Amino acid sequence: LKHVGLELSVPEQYGYAALIGLVIMVTGKLYINTIKHDPKADKDFNFTNVERIFGVLMVLTACAMAFAHGSNDVANAIGPVAAVVGIVQSGGEVASKSALPLWVLGLGGVGIVIGLMMYGKKVIETVGNQITELTPSRGFAATLAAATTVVLASGTGLPISTTHTLVGAILGVGLARGMAALNMTVIRNIFMSWIVTLPAGAILSILFFFTLKGIFS
Numbered sequence: 532l533k534h535v536g537l538e539l540s541v542p543e544q545y546g547y548a549a550l551i552g553l554v555i556m557v558t559g560k561l562y563i564n565t566i567k568h569d570p571k572a573d574k575d576f577n578f579t580n581v582e583r584i585f586g587v588l589m590v591l592t593a594c595a596m597a598f599a600h601g602s603n604d605v606a607n608a609i610g611p612v613a614a615v616v617g618i619v620q621s622g623g624e625v626a627s628k629s630a631l632p633l634w635v636l637g638l639g640g641v642g643i644v645i646g647l648m649m650y651g652k653k654v655i656e657t658v659g660n661q662i663t664e665l666t667p668s669r670g671f672a673a674t675l676a677a678a679t680t681v682v683l684a685s686g687t688g689l690p691i692s693t694t695h696t697l698v699g700a701i702l703g704v705g706l707a708r709g710m711a712a713l714n715m716t717v718i719r720n721i722f723m724s725w726i727v728t729l730p731a732g733a734i735l736s737i738l739f740f741f742t743l744k745g746i747f748s
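In this text, residue positions in the sequence shown follow the numbering used here: the first is 532, and each later residue adds one.
Here it is in structure tokens:
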């Protein structure tokens, strides 16, 4: 966290990590203890009470998924902005490293929240309900796997897609139940969108660049 003015030694890093983990563990344990075992709930589905516990645990993995999303996808979005700000602040000189002002980080955070509010509903519906049937335990496994993958990639500086990673994780929990558990029509549409968006993004960026160049040159 040097770029935001917070520099911790290695022992401090491990200490804070252990403290935060302990607080989360105790909080989660206390909340899980409030869930009462109901034998009648297992009448139709043998693991209803287990799924109720995973429903609580999914709150933690959802937070981890949000953290992972911010560490990679938001970083991808504000990377070019940080580079442009660095060029402007240096008087037009291109530097190998760009400073990262706090307002740029805030801009990325605000942007992701507004985007979720305005257009996130349809994507939530597709990922959450249309690929395969998700239970709390399956959702826990998928979000934990996706968050771990994305954070590891962020730690090594690899820009990857959180969406692709999460969809892959959901496909994994679906495949664990067999191909019949997957909605192949939705999966085909998702893969087609992945194929189309790469050249579409490249073509649009070229068009925007030459349009702006023609206007301001």
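Heads up, the beta-carbon is just placed ideally off N, CA and C, and yes, glycines get one too.
Please read all numbers here as calculations on a predicted model, not as lab measurements.
The beta carbon of residue 721 sits closer than 7 Å to the beta carbons of 698 from its chain, once the five residues preceding and following it are set aside; these are given in chain order.
Distance check between residue 596 and each of 702, 693, 606 and 740 places 693 closest, using alpha-carbon atoms only.
Of the candidates 617, 669 and 551, the residue whose Cα lies closest to the Cα of residue 633 is 617. Within the segment 672 to 706, no beta strand (DSSP E) run of at least 3 residues lies entirely inside it. In the DSSP annotation of this structure, the continuous segment of the alpha helix (DSSP H) that includes residue 544 starts and ends at 541 to 564. Classified as buried, residue 589 has 16 or more neighbouring CB atoms from the shown chains inside 10 Å of its CB. Taken atom to atom, the span from the alpha-carbon of residue 736 to that of residue 611 is near 13 Å. By a beta-carbon distance limit of 8 Å, residue 742 does not contact residue 704. Their separation comes to about 44 Å. Within the same chain, and ignoring the five residues on either side of residue 592 in sequence, the residues whose Cβ sits closer than 6 Å to its Cβ are 671, 674 and 675. In its chain, beyond the 5 residues on either side, 667, 668 and 671 have a beta carbon closer than 6 Å to the beta carbon of residue 585. If you compare the alpha carbons of 601, 713, 734 and 636 with that of residue 658, the shortest gap goes to 713. In the structure shown, the three-state DSSP call for residue 713 is strand.
Counting along the chain, residue 664 sits inside no alpha helix (DSSP H), nor does DSSP assign it H or E at all.
The Cβ atoms of residue 678 and residue 598 sit closer than 9 Å to each other. Taking each of 745, 686, 558 and 747 in turn and checking the Cα distance to residue 606, the smallest one comes out for 686. If you draw a 10 Å sphere on the C-beta of residue 733, you find fewer than 16 other C-beta atoms in it, and that means exposed. For residue 564 and residue 655, the gap between their C-alpha atoms comes out near 30 Å. Residue 568 has its alpha-carbon roughly 33 Å from the corresponding atom of residue 710. Residue 609 and residue 644 do not touch by the CB rule: their CB atoms are close to 14 Å apart, not below 8 Å. Boundaries cannot be given for residue 632, as no alpha helix (DSSP H) includes it and DSSP labels it neither H nor E.
A straight line joining the alpha-carbon of residue 641 with that of residue 571 spans about 45 Å.
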